[in-house]
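Residue numbers (the UniProt record's numbering), protein chains in the order written: chain A, 1 to 333; chain B, 1 to 553.
Where is the CB? At the ideal position from N, CA and C, for every residue including glycine.
In structure tokens:
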């Protein structure tokens with residue numbers, strides 16, 4: 001297990017090197033001159049040239065890339081052209097915001113999705129199965145922005161139960177420590193604020209988690225059905241085990257492996273794909289950070305943002321792979 | 001699978017807590033975190049009962065160093081923290097005292113003396129004086145200045161635009177700045193500038209504490225220190241900016257609220273929902289289509305900003321066939337401005353005939369403009385040799401702007417209008433940054449864009465959009481007319497405002513004949529606020545002081 005983990009970690013190095021090259025190249029293929037964009041429409045030619053020079057945009061690509069990687073290795077993600085602030089300090093609170101949202105979205109997706117899938121498989125062809133799979137079908141095809149707006153309209157505007165935007169009550173902000181607001185409010189021993197923060201998480205988590213929930217439900221159902229028809233389950237049943245025990249103790253363990261793959265992939269997708277949800281719920285996450293940066297041709301932020309997201313994606317996949325061999329020792333590489 | 005079961009229990013518990021807490025009354029929607037019953041009267045207060053005003057907008061500020069940005073979302077905030085020597089009247093661009101109580105202009109228009117208010121302190125406790133004013137202006141004018149932060153990429157482009165360039169440029173109008181005494185400062189100009197006082201009232205030229213420039217260096221854009229009614233507290237990027245009341249503000253009794261939070265809510269519909277559910281107090285950038293809803297609804301009020309912009313379809317006047325004036329006039333006749341104003345702006349816009357908005361000094365109402373007339377358009381086209389029609393490209397903006405809330409649909413209406421006179425329009429779509437860049441380089445045939453005023457002076461519209469010197473910068477029609485240029489130059493250097501008005505009127509007549517663009521509409525951007533918000537007056541410049549705003553409970 002240890003050797004395997006180390007081997008997987010070493011394999012990260014070429015992957016990460018490739019990623020830096022790709023992010024660097026993609027960004028330089030985007031049309032538009034950043035100096036012109038920063039200085040605005042009325043900038044003079046000399047001002048543009050000066051700025052290009054001070055930003056190093058006149059150097060050759062290999063030199064720009066070399067500088068970029070050297071800085072990265074020192075933990076320097078660069079400076080935002082737009083705000084002139086260190087990207088590493090700017091991106092941290094956003095990463096925390098995106099993590100928090102993704103975490104709750106995936107928890108929502110897993111709990112509802114896995115259980116709906118199990119029950120559907122258990123009660124195959126029942127009305128529950130039929131309804132759950134109908135919901136799952138709608139769930140995968142629903143546009144996130146529409147779902148988000150409907151949620152806001154019903155639960156914020158009409159019923160007034162839940163807040164429509166942001167991470168916390170802006171009239172009464174939390175003093176950040178870790179930037180994970182649920183954690184921060186707990187650290188402050190301010191439980192009423194924890195409830196406030198959780199309430200802010202409900203609608204965006206559901207909006208973000210609905211598609212993965214539907215995918216997970218379908219995956220769990222088919223995986224469970226397959227396992228339930230296998231010989232060892234028949235044996236367990238023959239020994240007189242209760243239905244609940246059969247499903248949750250014996251069947252799920254084998255059925256969960258393909259589901260785990262889906263969960264891992266979906267978590268990665270959510271991390272990078274939260275832009276829409278973050279925009280509609282004004283969630284100050286890393287997706288919107290990169291999106292804004294693209295609008296402004298803020299090269300360093302685009303590079304670092306994409307790199308960080310890609311990095312997390314790789315790490316999550318690594319964790320999923322490691323989990324496989326933990327859950328099922330037969331899986332060896 | 002025990003851990004999973006445990007996780008499930010935790011989630012169920014959390015869900016129960018959340019559901020249990022959401023049964024309260026409406027004020028809970030405001031995320032009332034103290035969990036109390038929350039009477040409506042407490043909805044806009046923080047946990048300690050202070051009045052907190054929440055202002056929501058679509059985008060974040062770029063920089064809180066006012067001179068280093070041209071972005072309206074930035075000045076909206078800096079305006080609360082920093083003040084300029086002069087100010088604009090609450091509702092118009094009329095110049096009123098700011099940090100300078102009074103001022104004198106020499107007869108030749110070359111010397112401006114400002115008398116500064118005494119006993120004013122910056123938020124950091126240091127004194128505001130003439131030396132501070134001088135430091136700020138020199139920092140913008142001189143890229144080598146120790147506080148210019150050129151190496152960090154700071155450019156004071158608005159300074160360059162409004163004062164004819166930078167120190168050392170021939171066209172730079174400020175020759176030198178003399179500190180007469182602590183409270184008296186003199187600006188000596190190389191040549192007169194008709195809108196010098198207007199410039200001094202712009203929020204871009206607000207005065208920062210020199211001690212803060214020393215302390216924060218290039219980080220001054222995240223740590224603004226001025227003399228304004230509110231002090232800067234914190235900034236969470238893309239999320240919120242918090243300001244708090246400056247207790248020693250120079251005007252007694254102001255500001256009225258204890259703190260202001262500028263929230264970013266990018267989605268227009270979500271912003272309106274947040275207002276309706278009581279989470280925010282004021283929202284900018286309402287969809288014109290939602291104005292009716294807001295007007296009909298109790299608890300929220302509709303506000304408008306007076307028109308201070310023009311949305312237009314420009315011609316690249318140097319490209320075939322648009323280099324022919326008959327073709328340009330024909331297109332002007334073929335577009336139904338009235339229909340566009342009604343369909344796209346829900347009535348919050350008036351059809352335009354000049355590039356200058358009607359409220360501006362020098363607006364020429366005698367210009368007839370081009371009425372919607374399909375037959376006339378056809379005969380003009382025939383005159384130009386295009387009786388069999390033609391094909392043309394129309395570039396459409398990818399982003400919404402106050403003067404153009406839905407560019408795509410406007411492009412389609414124009415396309416429709418022109419097809420009736422035999423012009424086949426193909427719509428070209430580009431991303432915003434390349435759109436601006438390519439239209440500067442003249443790749444477009446017809447294109448859509450607009451312009452919003454910043455200092456209330458006609459020069460900002462007329463010269464920027466149509467002066468030959470600005471071809472390749474803000475003049476994207478590539479229109480050059482020596483006679484017009486001469487009129488605009490005269491108007492710029494004259495300090496007799498009546499004379500200036502006449503010159504601009506003349507220029508508009510010539511421009512209308514040459515038809516380098518189709519001025520479409522002057523829009524009145526709409527916004528909304530909760531009914532308990534009092535004394536809120538939206539300013540045409542898009543940034544207004546919130547010092548007098550009150551939350552009535």
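Answer yes or no: does any C-beta atom of chain A fall closer than 9 Å to that of residue i?
| i | result |
| --- | --- |
| residue 221(B) | yes |
| residue 147(B) | no |
| residue 60(B) | yes |
| residue 280(B) | yes |
| residue 52(B) | yes |
| residue 552(B) | no |
| residue 483(B) | no |
| residue 295(B) | no |
| residue 224(B) | no |
| residue 192(B) | no |
| residue 486(B) | no |
| residue 405(B) | no |
| residue 152(B) | yes |
| residue 218(B) | yes |
| residue 402(B) | no |
| residue 37(B) | For residue 37(B), the pLDDT reaches just 32, beneath the cut-off of 50, and the residue's location in the model is therefore unreliable, although a value from the coordinates is still provided. By this cut-off, residue 37(B) is not an interface position. |
Assuming the contact rule is C-beta atoms closer than 8 Å, residue i and residue j should be a hit. Round their C-beta distance to whole Å, please.
| i | j | result |
| --- | --- | --- |
| residue 216(B) | residue 158(B) | Not confirmed; about 21 Å, so no contact. |
| residue 479(B) | residue 317(B) | 5 Å |
| residue 287(B) | residue 268(B) | 5 Å |
| residue 316(A) | residue 268(A) | 5 Å |
| residue 392(B) | residue 446(B) | 6 Å |
| residue 212(A) | residue 270(A) | 7 Å |
Is the shortest distance between the beta-carbon of residue i and the beta-carbons of chain B less than 9 Å?
| i | result |
| --- | --- |
| residue 165(A) | yes |
| residue 149(A) | yes |
| residue 280(A) | yes |
| residue 122(A) | no |
| residue 143(A) | no |
| residue 339(A) | Because chain A spans 1 through 333 in this model, residue 339(A) falls outside it and cannot be assessed. |
| residue 304(A) | no |
| residue 81(A) | yes |
Would you call residue i buried or exposed, if buried means 16 or more other Cβ atoms sit within 10 Å of its Cβ?
| i | result |
| --- | --- |
| residue 125(B) | exposed |
| residue 380(B) | buried |
| residue 84(A) | buried |
| residue 218(B) | buried |
| residue 395(B) | buried |
| residue 27(B) | Because residue 27(B) sits at a pLDDT of 37, beneath the cut-off of 50, its placement in the model cannot be relied upon, and the point is left open. |
| residue 14(A) | exposed |
| residue 419(B) | exposed |
| residue 94(A) | buried |
| residue 232(A) | exposed |
| residue 508(B) | buried |
| residue 298(B) | exposed |
| residue 228(A) | buried |
| residue 127(A) | exposed |
| residue 185(A) | buried |
| residue 125(A) | exposed |
| residue 25(A) | exposed |
Taking Cβ-Cβ distances below 9 Å as the criterion, which residues of the stretch 259-278 of chain B are in contact with chain A? 259, 261, 263, 264, 265, 266, 267, 269, 270, 271, 272, 273, 274, 276, 277, 278
For the stretch 229-246 of chain B, which residues have a beta carbon sitting closer than 9 Å to at least one beta carbon of chain A? 234, 236, 237, 238, 239, 240, 242
Which whole runs of the alpha helix (DSSP H) in the stretch 277-347 of chain B are 4 residues long or more, in chain order? With a minimum length of 4 residues, the continuous alpha helix (DSSP H) runs that stay inside the stretch 277-347 of chain B are 291-296, 325-334, 337-345.
Positions along the stretch 415-436 of chain B whose CB lies within less than 8 Å of some CB in chain A: 431, 432, 433, 434, 436
Could you name each continuous beta strand (DSSP E) segment of 3 residues or more that falls completely within the stretch 450-526 of chain B, going from the start of the chain to the end? 517-523
Restricting to runs no shorter than 4 residues, where is the alpha helix (DSSP H) found entirely within the stretch 192-259 of chain B? 196-200, 210-216
Please list the residues of the stretch 62-77 of chain B that have a C-beta atom closer than 8 Å to any C-beta atom in chain A, keeping them in chain order. 62, 63, 70
Segments of 4+ residues assigned as alpha helix (DSSP H) that fall wholly inside the stretch 59-110 of chain B: 72-81
If you scan the stretch 276-307 of chain A from start to end, which runs of the alpha helix (DSSP H) of 4 or more residues do you find wholly inside it? Along the stretch 276-307 of chain A, the alpha helix (DSSP H) occurs as fully enclosed runs of 4 or more residues at 286-295, listed in sequence order.
For a minimum of 4 consecutive residues, which ranges assigned as the alpha helix (DSSP H) are wholly contained in the stretch 196-273 of chain A? 231-238, 252-273
Minimum length 4: unbroken alpha helix (DSSP H) runs contained in the stretch 112-164 of chain B: Runs of the alpha helix (DSSP H) inside the stretch 112-164 of chain B: 130-141, 157-162.
Segments assigned alpha helix (DSSP H), at least 4 residues, entirely inside the stretch 120-171 of chain A: 127-141, 144-151
With 7 Å as the limit, tell me which residues of the stretch 457-486 of chain B have their beta carbon closer than that to any beta carbon of chain A; keep them in chain order. 473, 474
Could you tell me which uninterrupted beta strand (DSSP E) segments, each at least 3 residues in length, are contained entirely in the stretch 371-447 of chain B, listed from first to last along the chain? 390-396, 423-429
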